[in-house]
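Chains as they are written, first to last, in the numbering used here: chain G, 38 to 282; chain D, 26 to 86. Yeah, the Cβ is synthetic: ideal placement off N, Cα and C, and Gly gets one too. Below you'll find the structure, written out as structure tokens, and then a few comments.
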């Protein structure tokens, strides 16, 4: 089966494809979210040391991992746009930024609510927490920078530079718990196995999958609006059914 | 587990529901914002089409 992938790098063809794909990500996301919540609250047992507060990790860990992954994907798209001058890649970077910022915020928020009962503090200037906070500011900086530049192509380039330079922060967040002696614990999920109860793992992986699909769905919807805004002067946009209707 | 005990989360109710509540509210807001963004984008396009203005409207915003 030969699919011409380059065909979909044109905003005009990707617009339709993104519209068709959205429900295929959105509905499984909603279903998996419900399943994940069910396992997390009704099947996973109470943690021996953390009590019920540990249930926060079912959402904390996925949003935290995704906030880092989204940043790397955003920087990757921005870099592609910068190097190859492809419009769609830059639009994807712009579309990913708000969701990334939201996930970084949720990571810090749920982390604080977990930290208070478990560590006894909402916030500590620990390496993991501080670098995650820096990433939230990088996301906000990227969004603000792009919003402040009138010309979209120039905004793309300026944002791309910020995103690429800022991506150095992501491995620092990831390895912070190994490099420094931090309050934030290391990863429980390891390649070599885990000490976690099976239902706890299932809840976490299901939530991870649900939120991954959510990120894809919301980004596809957002990028379609960005395409419409930026391609408003083109023939194909003016001929769209949803516009002429 | 009865429902009252479930909501009390053995004393961790504020932390647990504070986390999940904010996650759900923020996601709901994001979905609403994305839908609104699309509506606005389409409205502006219809305006351009109706007025026959293919010229850039950005200066007027």
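| field | Cutoff 8 Å; reference residue 105 of chain G; Cβ partners in own chain excluding five residues on either side | value | Translated into the one-based positions of the first chain, residue 105 of chain G becomes position 68. Around residue 105 of chain G: 172, 207, 210, 211.
| said: So, with DSSP's three-state summary, where would you put residue 84 of chain G? | reply: Position 47 of the first chain, counting from 1, holds the residue named residue 84 of chain G. In this structure, residue 84 of chain G counts as strand in the three-state DSSP scheme.
| Residues near residue 250 of chain G by beta carbon distance below 8 Å, same chain, minus five either side | As a working mapping, residue 250 of chain G is identified with position 213 in the first chain. Only 62, 63, 65, 66, 69 meet the Cβ criterion.
| field | Top-ranked residue by Cα proximity to residue 84 of chain G, from G:116, G:262, G:233, G:276 | value | Translated into the one-based positions of the first chain, residue 84 of chain G becomes position 47. Closest option to residue 84 of chain G, Cα to Cα, is G:233.
| Which residue's Cα is closest to the Cα of residue 133 of chain G: G:187, G:145, G:110? | Taking the first chain and counting its residues from 1, the one referred to as residue 133 of chain G is at position 96. The shortest C-alpha separation from residue 133 of chain G is found at G:110.
| Which value, in whole angstroms, describes the spacing of the CA atoms of residue 253 of chain G and residue 238 of chain G? | Residue mapping note: residue 253 of chain G aligns to position 216 of the first chain, counting from 1. Residue mapping note: residue 238 of chain G aligns to position 201 of the first chain, counting from 1. Spanning the two alpha carbons is a distance of roughly 23 Å.
| request: Kindly indicate the opening and closing residues of the alpha helix (DSSP H) around residue 206 of chain G. | output: Here residue 206 of chain G refers to the residue found at position 169 when the first chain is read from its first residue. From DSSP, the alpha helix (DSSP H) with residue 206 of chain G extends over 206-216.
| Exposed unless 16 or more other CB atoms sit within 10 angstroms - verdict on residue 142 of chain G | Reading the first chain from its first residue, position 105 is the one you call residue 142 of chain G. Buried, since its Cβ has 16 or more Cβ neighbours within 10 Å.
| task | Please decide whether residue 29 of chain D counts as near chain G, where near means a Cβ-Cβ distance under 7 Å. | result | Within the second chain, residue 29 of chain D is the residue found at index 4, counting from 1. With 7 Å as the cut-off, residue 29 of chain D does not count as an interface residue toward chain G.
| Assigned secondary structure, residue 40 of chain D (DSSP; H/G/I helix, E/B strand, else coil) | Your numbering for residue 40 of chain D matches position 15 in the second chain. Correct three-state label for residue 40 of chain D: helix.
| query | Whose CA, out of G:182, G:201, G:94, lies closest to the CA of residue 149 of chain G? | reply | Position 112 of the first chain, counted from the first residue, corresponds to residue 149 of chain G. For the residues G:182, G:201, G:94, the minimum Cα distance to residue 149 of chain G belongs to G:94.
| task | Can you tell me the Cβ-Cβ gap for residue 89 of chain G and residue 41 of chain D, rounded? I've got them flagged as a contact below 8 Å. | result | Taking the first chain and counting its residues from 1, one reaches residue 89 of chain G at position 52. Taking the second chain and counting its residues from 1, one reaches residue 41 of chain D at position 16. Rounded, the Cβ-Cβ distance is 6 Å, consistent with contact.
| task | Return yes when the Cβ of residue 182 of chain G is within less than 7 Å of the Cβ of residue 195 of chain G, no when it is not. | result | As a position in the first chain, residue 195 of chain G is number 158, starting the count at 1. As a position in the first chain, residue 182 of chain G is number 145, starting the count at 1. Contact flag set, yes.
| When you compare each of G:219, G:260, G:184, G:125 to residue 161 of chain G by their alpha carbons, which one comes out closest? | As a working note, residue 161 of chain G is residue 124 in the first chain. Closest option to residue 161 of chain G, Cα to Cα, is G:219.
| field | Neighbour-count burial assignment, residue 124 of chain G, 16 or more Cβ in a 10 Å radius | value | Here residue 124 of chain G refers to the residue found at position 87 of the first chain. Answer is buried; the Cβ neighbour count reaches 16.
| field | Coil, strand or helix - residue 159 of chain G by DSSP | value | For the purposes of this step, residue 159 of chain G is taken as the residue at position 122 of the first chain. Reduced to three states, the DSSP call for residue 159 of chain G is coil.
| said: Rounding to the nearest angstrom, what Cα-Cα distance links residue 146 of chain G and residue 168 of chain G in this structure? | reply: The residue labelled residue 146 of chain G in the question sits at position 109 within the first chain. The residue labelled residue 168 of chain G in the question sits at position 131 within the first chain. For residue 146 of chain G and residue 168 of chain G, the distance between alpha carbons rounds to 14 Å.
| query | Going by C-alpha distance, which of G:179, G:130, G:87 is nearest residue 153 of chain G? | reply | Within the first chain, residue 153 of chain G is the residue found at index 116, counting from 1. Nearest option by C-alpha distance: G:87.
| query | When we look at the beta-carbon of residue 120 of chain G and count the other beta-carbons within 10 Å, is it buried (16 or more) or exposed? | reply | Within the first chain, the letter at position 83 stands for residue 120 of chain G. By the neighbour-count rule (16 or more Cβ atoms within 10 Å), residue 120 of chain G is not buried but exposed.
| task | Please say whether residue 48 of chain G and residue 264 of chain G have beta carbons closer to each other than 7 Å? | result | Reading the first chain from its first residue, position 227 is the one you call residue 264 of chain G. Reading the first chain from its first residue, position 11 is the one you call residue 48 of chain G. Yes, Cβ-Cβ distance for residue 264 of chain G and residue 48 of chain G is below 7 Å.
| query | For the putative contact between residue 193 of chain G and residue 118 of chain G, defined by C-beta atoms under 8 Å, what is the C-beta separation to the nearest angstrom? | reply | One-based indexing of the first chain puts residue 193 of chain G at position 156. One-based indexing of the first chain puts residue 118 of chain G at position 81. Indeed they touch by this definition, with Cβ atoms about 6 Å apart.
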